[in-house]
Every structure is written in structure tokens, then in C-alpha cells.
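Heads up, the sequence shown is in our numbering, so the first residue is 113 and it goes up one at a time. Ideal Cβ placement from N, Cα and C applies to all residues, glycine included.
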Amino acid sequence: MTSMPTVKHKPHISSISDRAANEAQLREAIQAKLHYVLGKNRDRASHHDWYCATALAVRDHVIDIWMKTDERIAKQEKKRVYYLSIEFLIGRLLFDTLTNLRLVDAARGALRGLGVELDDLRRCEPDAALGNGGLGRLAACFMDSMSALSIPAFGYGIRYENGLFEQRIVDGWQQELPEDWLARGNPWEFPRANAEYSIGFGGSVEYVGGDDATARAIWYPAETVLALPYDTPIAGWRGRHVNALRLWSARAAHPVQLAAFNQGDYVGAVAARARAEAISRVLYPNDSTPEGQELRLRQEYFFTSASLQDLTQRHVAAFGSLETLPDQAAVQLNDTHPAIAVAELMRILVDEHDFSWEKAWTITKGTLNYTNHTLLPEALETWTVELLGRLLPRHLQIIYLINWLHLQETGKRGLTDPTLLASVSLIQESGEKRVRMAHLAFLGSASVNGVSALHTDLLRKTVFHDLAETTPTRLVNKTNGITFRRWLYEANQPLTQLLVERLGERFLDDPRCLEEIRGIADEPGFVEHYRRARLTNKARLATVMQQATGVRVDPHALFDVHIKRIHEYKRQLLNALETIALYQEIRSHPDRDAVPRVKIFAGKAAASYDRAKLIIKLINDIAHVVNNDPLVKDRLKVVFVPNYSASLAEVIVPAADLSEQISTAGMEASGTGNMKLALNGAITIGTLDGANIEISEYVGIDNVMIFGMTAPEVAEKVRAHFPGQQAIDASPRLKAALASLESGMFSADDPARYHPIVRALEDYDRYMVAADFDAYWDTQRAVDHLWQTPADWWRMSILNTAGTAWFSSDRTIREYARDIWHVPTT
Ligand code: 26V
């Protein structure tokens, strides 16, 4: 693990002696904002008004630091990092910013003096849900860590007008409603009118000559869209450094087509505008297959081109020529969504800055880096040559030339086997010709990384097997991490307070000292406080769940938590089937004691993913039957908490006793929820998948509950098209659970509802739900047993908190900085 030093700088605002001054100053500032900016009278101000006034007052502090940071960076000519991501799942910013500036108590006091509770305001802020799940949340954690470590960085993405849809559960089914986070304004963003760029689409290309290997060209796009930047300051820990998250919004170059307008064609006159502005209208689901999504490709090119134009222009302004770009800029491509950057940077260098192809290629490969986030074949992006050529004709030419030179190079190395050449080609030739974006990103990057040890290992063995063979050092691992500021200090104040009491404030700066609590994992006083902190969090979650679903639960029961996107590979179905089996066990032994358990589920399914939506309905159907069965009493409760979000996770994570990380081995690239839950002391029940493996290494294999097949075992069964029927026949318990689904026990209104699920398992158990069922059941019973020995349970739980310091995104970012970006950190 790389070192995480203690505080070196004078904190901007932190000491307790400053608190009274800060409080008085903040109170005054909040009142002034309410009065002069919002034009509101104190007596008539709503919670939302107070929220806005507080955000604006806090923002002033952020701006002061932001300006100083910018000055410092410009003066020192530091290398900059650019993080390109089509998703940033930021969540709320008020409390986060207050935490990082160490102003929480001052703000609380200031507001109290005005008769307002900070915690009421906190909930007024809508989540910036500009992401689907792990990938977007990782980008947000990285933004926090880059600021914390004083890395001069920009996040670049899209300012979606509608973030991830709102999920309602109606009669057990998911319904999607549009989300409208900007409806009441956004105090955190700054539009920057001085940095707009034109983004071209379609049209034709004219050659104007060049060196041997290339021909410089002029692209005449048929359509131009404007990219307008909105900057959100991201304040780092202790307010030492502020970076910008720059999100692009699409505007039509010509809002109204005058010719059409003058002819009375009012709809036609604004049609181009609607088409242009659709680009930043709505976030796409990342986990449904992108079939014919022209708009998605437009989004990808739109934000990639705007970002590259912006950063190259900044570089030229400072250094005169793009020749030195790799020395001054490191660009990280978050998955393949910005992979068109490889062709776009080449276009900028060759067509606009007159570089030779060879020189341009050296600069491109020295500047770009790529992170892969999935192995699932259906998730690897490809675009048909037809669509790419129609939308980006110049880029397709560049891609073909890159490929031609790459295949020539491969041939020169003596690698001439046609199967090998087909596998390393940028163009997939089987069926309709498609461009492989992961291959393009791989070739155009200095460094390519996976997001957990297992994932990187599998990348080397599968997707990039042949590409990595010729450039073995290009592929590296950077295991994901999470920001402890949001996921411990903010989300779990009772536990944080206890840890500060025991370890001192230094723990907030250097979480590695969490290791020290290993020594007190058996100390009754500490255990009791740790347990009470959890109980406080569970009581809070119980209230939230009752308000949301009407289901009452006992905070003393075991809270078994499965929260993430709903996807077959994440196996919520396995958990649901075990729930049915557990219910049947309770019913057949009504007088036996059982460990009281609350099964908590939350997560959204992509709107078009029917099977995932059926699984949500199944969980709700099971909940309905179980929760209303008087025989069950408090032994089992099932809750599906609607509308999962970053903010909801902040309430659920600190209240979890058990963390469900049960993806089919080899399918979850890393997972980051697993880290959040372990840090907060939940014990993992999980497979040997993604970062679960590293979690079990760091917390100790005896402190996690591992079960199920390994990735190689799964791969073999997948190859053999494993029929689940075999496993079902061997497991009376699974058989009984499936029989109850077949009989309509959980769907009296539609007895056939779950037949497709049963049939699919019997036929081809692609996700090994049947194959892993018995192992999962047995491990759950071992969990019951452990719960009945509280001393062991709490020891194990504490050792999870003690052992997860390595999963701080500060550690991850230090590794990126050292090995990929080559920039210093504090
Ligand atoms: C995309 C698709 C598209 C087609 C249908 C199936 C499918 C399934 C998953 C995806 C997600 C692709 C990228 C992604 O979000 N990966 C997630 O990245 C996280 C951060 O590295 C990581 O923790 C998760 O394990 C990984 O799934």
C-alpha cells in the first residue's frame, strides 16, 4: 500500500477555536444570501430556501479556495489529469462540501441560531444522479480523491437534464418516472460562456495531402452542435484544493432556422434545435444492450470532442504547441464511452495542427489511458462501420488507418495467423462490420487497466489476450476504491465519532490507522459502543423503510442487505430463492427458534430489461406473502426499498449487518458497494468475484463468508451450457422453492408469472443460480450460527472495519498518479 501522510498543510478552516467565528460568519452569510440572492424573508423561507442560502454561503468559501488553487497550478505549470466519463454519480454536495471544509458543526450551529435544522435541509438537495451505478459513482469518488490529494484535475462529462429515472414500485412492479434534478436550479454550477466549442457530425471529407503514411484532410460536417460548459467545484479534504467537474450541455448552433421560419414552417424551424439539444437531455442506461442507439454515439462524441478541444486549447495557450502534450496532460478514459478520443485526438493533431501521422500517434499514445470496467461480451461496445462512417466520416478513416498500420506491425512481428489477426483487428468482420471500441482504446493508450486483481487477470486471459501479448506491460491493475469522506465520515457519524475517540483526529487523515482497532476488537467497552452505533443506524433505516413501504421491522434483527443495480449476473434471484426456502423452513417448523432476519433489497432495473423487472416483482411478491403470514412473526421480513440512489445508500450501508456480494464468479469486474459495506462493518457473504477476493485478503479469509464456484469453474460450466436441471434434481430445497413458484404460491393473481424464470433455470443456468444454490444456503445457515454467538459476530464485524483501509479511493488515486499519470500527490 502506498503511504497516506498525515496533515502537512495548515488546514484552511478547521480548528475548534475557529468554530465560533465560522459559525457567526456563516450565520450572517446565510441570512444575506436568503435576503439578497433569493429575495426571501426569514419568516417565509421554506426548507428549500434555507438549503439554497446555505449552499450559496458555503460555496463562497469553495470559490476562494478554487481561485487560489487555479492560480497556484497556472504558476507552477503542473501536469494536469483529465478524467473523461460519460457518467458522474455525484449525489448531494452540501453535506459533502461541509465535511471536506470541516464546517459541519459551524453550519449546524449557524442554522440552529436561525431556528433551522441542517439535517432537514440536507434532504432538500436533489441527488445529481448523472450515472447508473458503480462506474459513475467511481468517477465521483475519484473526483473527491483527486481534490484531496491536490492533483490538478478536471472531470469531463455530460450535464444531463434528466438524470437516472425515478423508480416507483406500483403493485410490486417497477415504474420509471423522469427525474428533474435541475427543476429548482442548481447552486453548485457555473456556466462558462467563454469556453464553448463546435461539435461536428456527418458531412464529407476532403484530402489535402500529408506524409507517406497519411493524408491530412479537411472535414466538412453537415451539422454543428455547440457544447457549453458548466463547472462544479469539487472541494477536497480540509479545503486544501478545489478541482472542477466540467459538464457539457448541448445547444443548437442556430436556435431557429430563419428560412423555414419565414415560410411559416415553425416546427421545421426549431427541429434542428430539438435534435441538437437531445444530446444532453437524458442519461442512457449502461446495462442494457445499445441497439441502434445513434443518439448514444452522438453523446459519446459530443463530450469527448468538447473535452479534447478544451484541453488541447488550454495546453496550446500555456505551452505554444501540442508537441509537449504528454508531458503536461494525462487523459483517463473511463471505459470505452470516450474511446473515440483516440481518433479525435489524431484528427486534431493531424488535420488541425499539421502534425505528421507518426508524431501524432506518439502524442496520442503518450496522453491517453483507458480503464476497462466489464468483461461481459454483450457489454463491450462496438459500433457498426455504417453508423460510425455516417456520423463521423473522418474518424472512420482514421480508425481504418490506425488498424492498417497496426495489422502491418503485427505482421512484421511474424504474427500472421489469420485467426490471430482477426482477433486483434479493430474491425470485427463476422456479420455486419463493427468497430471494436475496447481495441481502439487499447491501441491508442499508454496504459490500460482493469479494476480488480481478478478482473485484470481475466482481461489478460480473454478480451485482450492477443493484444496484450505484444505489449505485455501496457495492461495493469488498479483496484477500485471508495471515498471514506462520504461513505464513512458523512454516512456513519456514530461510528466515525467512536473511531475518532479511540484513534484521534489523525484517523480522518490517514485511515490506515484503522488497523489499530484490531487490538480492541474483543474489548467489551469498545464492542458495546460499536454495536450501539450500528443499532442507531438500523433504527434510522427502519424508520425510512416504514415510511417508504409501510413494513415495520425490528432494529435488533439481522439486517441482510442486497443493494445494487438489478441484473441477472448480480443474482438477486439467488437471494430471492433462498428467501423462499427460508420461509418454507420456518413454516414447516413453526415452533423452532430462528434468527430474526430482515432481507433488504434496493436497486433499479434498466427500463427495457424485462427479466430484471420481473425479479423486482418477484421480490415484492415474496415480501407480500412473507410479511403477512402470521406464522412467521418477526423471524423473517422482506423489504424492497424503492428508488435506490447514492443518498439512500448512505442510509442503508451503515445499517447493514450482512453484505450480499453474490455475483456469478468472473462477472462482476470489481464492485464498490462491497467495500462501502465492509468498511461500515457488514460481514460479506460473497463469491470469489471482483474485489471480494481482495477484501477477503485484507480483512482475513476467516472474517468473510465465501461460497460458490470459482471463475474457472463457472467458465467451464458456461462452455458446457450447463443445464440447471442437474443441480435442481440434486437439491430438494431448491426444487421445493421452484415448485412454489410454479404453483403460483407467490403470484395467486397470475400463477404462470414466474414460469419463465423456472424454465430458464432448468434449461441453461447461465448465471449458475441453481448450481450455487446449496452452497449459498449452507453459508447463510453458517451466518445464522455466527449471529447467535454475538462475541464472534461483533469481533468479525470490527475486523472488517479494521481491515478495509486499503480500499480508500485515495490509495487507488495514488496508484493511478504514480503508475499511469506520473503526477505527484500530497
Ligand atoms: C453493461 C452492460 C451492457 C449490456 C448488457 C449487460 C451489461 C452489464 C453491465 C454493464 C456495465 C458496464 C460498465 C460498468 O458499469 N462496470 C462496473 O464498473 C464498476 C466500477 O469499476 C465496477 O465496480 C463494477 O463491477 C462494474 O460492473
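Judged by their CB atoms, A883 and D877 are nearer to each other than the 8 Å cut-off. When DSSP states are grouped into helix, strand and coil, G321 belongs to the strand group. Y378 places its beta carbon 8 Å or farther from that of G267. For W293, there is no enclosing beta strand (DSSP E), since its DSSP letter is neither H nor E. Membership of W905 in the alpha helix (DSSP H) is indicated by the continuous run 902 to 915. Beta-bridge partners of V639 (DSSP): none assigned.
Counting the other Cβ atoms within 10 Å of the Cβ of S559 gives 16 or more, which makes it buried.
Boundaries of the beta strand (DSSP E) harbouring H674: 670 to 675, taken from the DSSP string. Here S920 carries a strand assignment [DSSP, helix/strand/coil]. Residue burial is scored here from C-beta neighbours: S542 has fewer than 16 other C-beta atoms within 10 angstroms and is therefore classed as exposed. By the C-beta density criterion, K829 is buried, having at least 16 other C-beta atoms within 10 angstroms. Beta bridge pairing from DSSP links S310 with L338. Within a 10 Å sphere around the beta-carbon of I330 sit fewer than 16 other beta-carbons, which makes this residue exposed. Under the three-pair Cβ rule at 8 Å, the stretch 346 to 357 counts as touching the stretch 255 to 270. When beta bridges are read from the DSSP output, I712 appears opposite V673, V751. The alpha-carbon of L620 is positioned some 8 Å away from that of V612. Put simply, of A252, R271, G245, W162 the residue whose alpha carbon is nearest the alpha carbon of L226 is W162. Straight through space, the alpha carbons of V497 and R546 are spaced by roughly 5 Å.
When distances are taken from the beta-carbon of S257 to the heavy atoms of the ligand 26V, even the shortest one reaches 7 Å or more. Here D886 carries a helix assignment [DSSP, helix/strand/coil]. Bridge pairing for R192: A441 [DSSP].
Not one heavy atom of the ligand 26V lies closer than 7 Å to the C-beta of V765. With a cutoff of 7 Å, D399 counts as near the ligand 26V, since its C-beta is closer than that to a heavy atom of the ligand.
Distances from the CB of H674 to the heavy atoms of the ligand 26V are all 7 Å or more. Three or more Cβ pairs closer than 8 Å define a contact, and the stretch 434 to 450 meets that threshold against the stretch 189 to 205. Of the residues L146, A388, T522, E680, the one whose Cα lies closest to the Cα of G312 is A388. Of the residues R926, D182, N786, the one whose Cα lies closest to the Cα of I675 is N786. A781 has its Cβ nearer than 7 Å to a heavy atom of the ligand 26V. For A794, there is no enclosing beta strand (DSSP E), as DSSP gives it neither H nor E. Look at L500: its beta carbon is at least 7 Å from all of the heavy atoms in the ligand 26V. For E278, DSSP records a beta bridge to L289. Relative to the ligand 26V, E581 has its C-beta separated by 7 Å or more from all heavy atoms. Distances taken from the Cβ of G245 to the heavy atoms of the ligand 26V include one shorter than 7 Å. In this structure, Q286 is the residue among F207, Q286, A136, R184 with its C-alpha nearest to the C-alpha of Y721. Distances from the CA of F713 to each of Y695, P667, M657, A157 were compared; the closest alpha carbon is that of M657. Under the DSSP definition of a beta bridge, Q773 partners with G798.
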